[in-house]
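A short write-up of the structure that comes next.
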Amino acid sequence: MVSSPCLGLGSNSCPSVEGIVRSAVEAALQQDIAIAAGLLRIFFHDCFPQRAAAGSEPDASAPGAAADRGDPGPGPRRLRAHRLLRRHHRAGHPRRRLRVRWALLRRVSGPLDSLAPAPSSAVFQLPQATSDASTLIGAFKSRNLSETDLVALSGGGHTIGRAHCSSFSNRFSFTSGDNSSSSAFVKKLAANCSSFPNRQQELDVATPDVFDNNYFVNLQKGQGVLTSDQVLAGDWRTGWIVNGYAGNHWWFYDQFRQSMIKLGNLKNTQQQQGEIRGSCYRPNNTPQSQSTQQTKLLELIHPDPAADYQQ
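For the sequence shown, UniProt numbering begins at 1 and goes up steadily by one.
In structure tokens form, the structure reads like this:
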């Protein structure tokens, strides 16, 4: 069994923090399974760009950043996930008036919160919906994550995820290199987006609200929604892994668990530079008046509880 990165964390300042987080997430998922997709997205965006500098989710308000990733910004699932995290940022020390590290809630693994959003150079290192297999493999290997990790994390994040039409509209105009572009499946995607351009498409078209291995079965059928999904089935370096996960869900579950732990344990290149944030969305030295557009939106929806924890 792979040891958890959160084992014993906070045993001195808040010995019950792990139980608080687990109970909060389990209760939230019972009410709205869609929150899981938002939490996984936040986790990945927290860990991947700056190698686990917690609280470093890319600044989507940077010029061109969101558009170039095919990401229109925080959708309803991610906003609900932020609401859950924000609420239990407050619950960590309800009476002791101590700051609770934002990292504990997003990844109960211990690194300090980052001093700034991920820079543009890190944002563009995030895997994109249009990436080919070589680009994906290279991005993950640069962080000591293998092809097995890549396929497991893609499946885990997308078996319950959704995407806006802009994230996969490139598939509608392919004339070569994508045998599924003329299939009934892609034609249906194109028709749905033409009729409802603002719709969110389930990435697992078989069981969109169940965490299972049907995502990989879909890829075998050519029914991957994103280019970055479907290429995993067609590349010799990853195709055998897709087939393995499709045929053995226990292998997928176990590998996803291990890959998530590896992702959470990535070493930040500036690991010693950080702080314990009072606000989940702003470094301590950033006045609220200078917050980015996305930060202002999040703080408007979820008022900042930081003042309750000032010593």
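For glycine and all other residues, C-beta sits at the position ideal for the given N, C-alpha and C.
Check whether residue i and residue j have beta carbons under 8 Å apart
| i | j | result |
| --- | --- | --- |
| T159 | F211 | yes |
| Q200 | N192 | no |
| N170 | T130 | yes |
| V242 | L219 | yes |
| G155 | Y215 | yes |
| F48 | L126 | yes |
| D235 | A139 | no |
| A246 | V217 | yes |
| L263 | D229 | no |
| I20 | L29 | no |
| V225 | F168 | yes |
DSSP-derived helix/strand/coil call for residue i
| i | result |
| --- | --- |
| P63 | Because P63 carries a pLDDT of 33, less than 50, the predicted location of this residue cannot be relied on, and no value is offered for it. |
| R171 | helix |
| A139 | helix |
| D71 | A caution first: D71 carries a pLDDT of 46, below 50, which makes its placement in the model unreliable, though a value can still be read off. Correct three-state label for D71: coil. |
| A152 | helix |
| A37 | helix |
| A163 | strand |
| S56 | Its pLDDT being 45, under 50, S56 is placed unreliably in this model, and the value from its coordinates should be taken loosely. S56: coil per DSSP, three-state reduction. |
| V100 | The pLDDT assigned to V100 is 38, lower than 50, so where the model puts this residue is not dependable; a value taken from the coordinates is nonetheless given after this. Reduced to three states, the DSSP call for V100 is coil. |
Residue closest to residue i, alpha-carbon to alpha-carbon, out of the options
| i | options | result |
| --- | --- | --- |
| R41 | V242, G222, R162 | R162 |
| Q31 | D209, L263, C165 | D209 |
| A152 | S167, H249, T207, A27 | H249 |
| R237 | A37, H45, I137, Y253 | I137 |
| T227 | F172, N213, W240 | F172 |
| G157 | I20, K187, G38, A27 | G38 |
| K188 | G222, N213, T207 | G222 |
| I128 | F44, S194, W251, I20 | Per the sequence presented here, residue 128 reads as Gln, with Ile not at that position. Cα-wise, what sits closest to Q128 is F44. |
| G244 | D46, N213, S167 | N213 |
Self-check item: alpha helix (DSSP H) runs wholly inside the stretch 174–222, at least 4 long, in chain order
Solution: Within the stretch 174–222, the complete alpha helix (DSSP H) segments of 4 residues or longer fall at 184–195, 214–220, listed in chain order.
Practice problem: Give a yes or no on contact between the stretch 143–151 and the stretch 246–261, applying the rule of three or more CB pairs nearer than 8 Å. | Solution: When Cβ pairs closer than 8 Å are counted between the two stretches, the stretch 143–151 is seen to touch the stretch 246–261, the count reaching three or more.
Exercise. Quick one: which unbroken alpha helix (DSSP H) runs of 4-plus residues sit fully inside the stretch 219–271? Chain order, please.
Key: Complete alpha helix (DSSP H) runs here, min 4: 227–234, 236–247, 249–264.
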